[in-house]
């Protein structure tokens, strides 16, 4: 008999989400097929994903022509194009949302990454996107920068569901959970139904190994090389330990009694960047109840083919994870600097993708206004550049 490995993963407490979205996927029924056949229970997007999606010219031609005819500016056009897809995806995933009482079936859209260091503008855009998509199963993605933390609290306080993105370090993750608790407490005081407010904390995984491994290679010792491929999983495992501590507190219990759902850890950046590593390592080694793993479609299919589901590969590994950190420090790896670099580069890469997306849409609108060729053709080279700049989340 064929083993349904993704069903086993779901039964182990891991929600399988897709890290991708395009209008082709929507119009062909591909997303709904993944929902039905591969247990996909949510969708995440980012600027790089949208830049690539907009290169699918034919699917966007009609909307680009209409936007050009109306004289819509490029930034507003990008919002119209992306929110159209996200709204459609929310409708596709609505049955999962209803079946899970609002926990799953979520679709994420990110605020303009150029606002990552501006709190007030981030909150204003979160409101605008929440209003524009107008679906209860939406997540607004806000980056976990210093300026993003108060924006997370403010958005939640207004009843806006939030996907906190670009988390790399343990201390920042603790600040994110504090921002979440404060936001729900304010939402309760403001009279919002806490059961309707959702949140996940997107903890990036593979990029940690990419940065640490590069530094270990530079150190060059046998002890250093033996630590390659261990930092990312250890980092995420220790994050889950902090999650368990926070959501066992009396402070959280008071919110849970009022109907709140916990802010689940979400493992992002789960495609393996080093071909020497197992292609599903960032799924197999991060199995625990109450988590989300958002995967590009190739990782979903890889896990369906040969993933090994073991019961909880996280909670029994805390001591080993701390030892990995101690060993990294002993060979000269400064994890605080690693995290600082990753956060800065994460914002910069998404900004670059966003700018490439804007440029591609600008060219497409100009082509549509001239009535020459396929409007989306102009976006193709720039979308490819954006994908290279942003990389796979």
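Residue numbers (full-length UniProt numbering): 1 to 393. Virtual Cβ for every residue (Gly too), placed ideally from N, Cα, C.
What is the C-beta distance between residue i and residue j, in whole angstroms, given that I count them as a contact (C-beta under 8 Å)?
i, j, result
"residue 258", "residue 188", "6 Å"
"residue 60", "residue 81", "6 Å"
"residue 218", "residue 324", "No, residue 218 and residue 324 are not in contact; Cβ-Cβ is about 18 Å, not under 8 Å."
"residue 5", "residue 304", "5 Å"
"residue 208", "residue 328", "Contact flag wrong, Cβ pair sits at about 11 Å."
"residue 118", "residue 358", "In fact, because the Cβ distance is near 18 Å, the residues do not count as touching under 8 Å."
"residue 265", "residue 282", "About 13 Å; that fails the 8 Å criterion."
"residue 142", "residue 122", "6 Å"
"residue 239", "residue 173", "5 Å"
"residue 27", "residue 53", "No, residue 27 and residue 53 are not in contact; Cβ-Cβ is about 12 Å, not under 8 Å."
"residue 196", "residue 102", "6 Å"
Give me the residue from the options with the minimum Cα distance to residue i.
i, options, result
"residue 112", "138, 137, 78, 360", "78"
"residue 190", "314, 90, 158", "158"
"residue 349", "13, 60, 61, 116", "116"
"residue 338", "73, 214, 83, 151", "214"
"residue 83", "119, 140, 124", "140"
"residue 38", "28, 9, 45, 334", "9"
"residue 399", "91, 241, 137, 40", "Shown here, the chain extends from 1 to 393; a query on residue 399 therefore has no answer."
"residue 12", "364, 171, 309", "309"
"residue 51", "35, 85, 336, 277", "85"
"residue 202", "233, 166, 160", "166"
"residue 232", "326, 205, 319", "205"
"residue 130", "146, 145, 160", "160"
"residue 279", "269, 262, 299", "299"
"residue 364", "72, 44, 226", "72"
"residue 127", "156, 102, 145", "156"
"residue 371", "7, 62, 43, 144", "62"
Tell me the DSSP bridge mates of residue i?
i, result
"residue 141", "110, 163"
"residue 17", "294"
"residue 259", "In DSSP, residue 259 forms no bridge with anything."
"residue 266", "202, 292"
"residue 44", "19"
I'd like the list of long-range same chain contacts for residue i, defined as Cβ closer than 7 Å, with 5 residues on each side in sequence excluded.
i, result
"residue 246", "177, 252"
"residue 20", "49, 296, 297"
"residue 369", "68"
"residue 405", "Because the chain here runs from 1 to 393, residue 405 falls outside it and cannot be looked at."
"residue 224", "216, 331"
"residue 3", "none"
"residue 133", "83, 86, 87, 90, 109"
"residue 321", "234, 237, 238"
"residue 32", "92"
"residue 319", "none"
"residue 362", "74"
Taking buried to mean at least 16 other C-beta atoms within 10 Å of its own C-beta, is residue i buried or exposed?
i, result
"residue 16", "buried"
"residue 95", "exposed"
"residue 69", "exposed"
"residue 169", "buried"
"residue 332", "exposed"
"residue 106", "buried"
"residue 220", "exposed"
"residue 344", "exposed"
"residue 367", "buried"
"residue 46", "buried"
"residue 383", "Bear in mind that the predicted position of residue 383 carries a pLDDT of just 39, short of 50, making it too unreliable to give a figure here."
"residue 360", "buried"
"residue 104", "buried"
"residue 25", "buried"
"residue 249", "exposed"
"residue 275", "exposed"
"residue 307", "buried"
"residue 29", "exposed"
"residue 346", "buried"
"residue 272", "buried"
"residue 270", "buried"
"residue 336", "exposed"
"residue 226", "exposed"
"residue 452", "Outside the shown range of the chain, which is 1 to 393, sits residue 452, and nothing can be said about it."
Suppose the cutoff is 8 Å on Cβ atoms and the five residues either side in sequence are ignored; what does the same chain contact list for residue i look like?
i, result
"residue 255", "181, 184, 185, 188, 194"
"residue 389", "Residue placement at residue 389 cannot be trusted, given a pLDDT of 36 that sits under 50; what the coordinates show is reported in the next sentence. The answer, listed in chain order, is 48, 349, 352, 353, 356."
"residue 211", "338, 341, 342"
"residue 313", "284, 285, 286, 287, 288"
"residue 41", "10, 15, 16, 17, 35, 93, 96, 100, 104, 105"
Go through its chain and collect everything with a Cβ distance to residue i's Cβ below 6 Å, but skip five positions before and after it.
i, result
"residue 153", "179, 182, 183"
"residue 286", "236, 267"
"residue 14", "287, 291, 293"
"residue 200", "163, 264, 266, 292"
"residue 396", "In this structure the chain extends from 1 to 393, so residue 396 is not present and cannot be described."
"residue 391", "Residue confidence is low: residue 391 scores 39 on pLDDT, short of 50, so the model does not pin down where it sits. Its coordinate-derived value is still stated next. Same-chain partners within the cutoff: there are none."
"residue 260", "184, 194"
"residue 262", "247"
"residue 43", "18, 21, 89, 107"
Of all Cβ atoms in chain D, is any one closer than 8 Å to the Cβ of residue i?
i, result
"residue 139", "In summary, chain D is missing from the structure at hand, where a single protein chain is found."
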